[in-house]
Amino acid sequence: MKKNYNNIINQIQNIRSKNNVNWMNILKLAFKLDPKSASKIMKKINYDDKRISVLLNKLTK
Numbered sequence: 302m303k304k305n306y307n308n309i310i311n312q313i314q315n316i317r318s319k320n321n322v323n324w325m326n327i328l329k330l331a332f333k334l335d336p337k338s339a340s341k342i343m344k345k346i347n348y349d350d351k352r353i354s355v356l357l358n359k360l361t362k
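In this note's numbering, the protein residues as written are 302 to 362.
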């Protein structure tokens, strides 16, 4: 059973690593084409990420 968890986690890690490359490519393109708008969007994303972190901290205490 434990081995199955590791297999699934490894699959998630593999998919995530590829998706992170795609995400970074979009980020680079956005700042290249329209840095001002990209910055505004990233500010909103960062704000929401911080809110998510606060909630995750509550779950882990």
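Glycine included, each C-beta is placed from N, C-alpha and C at the ideal position.
Reduced DSSP category for residue i - H, G, I as helix; E, B as strand; rest coil
i, result
"Asp335", "coil"
Residue i Cβ short of 7 Å to the ligand MG heavy atom set
i, result
"Lys351", "Inclusion of the ligand MG in the displayed structure is not the case, the ligand content being empty and no account of it being possible."
(Q) Restricting to runs no shorter than 4 residues, where is the alpha helix (DSSP H) found entirely within the segment 307-361? (A) Counting only runs of 4 or more, we get 336-361.
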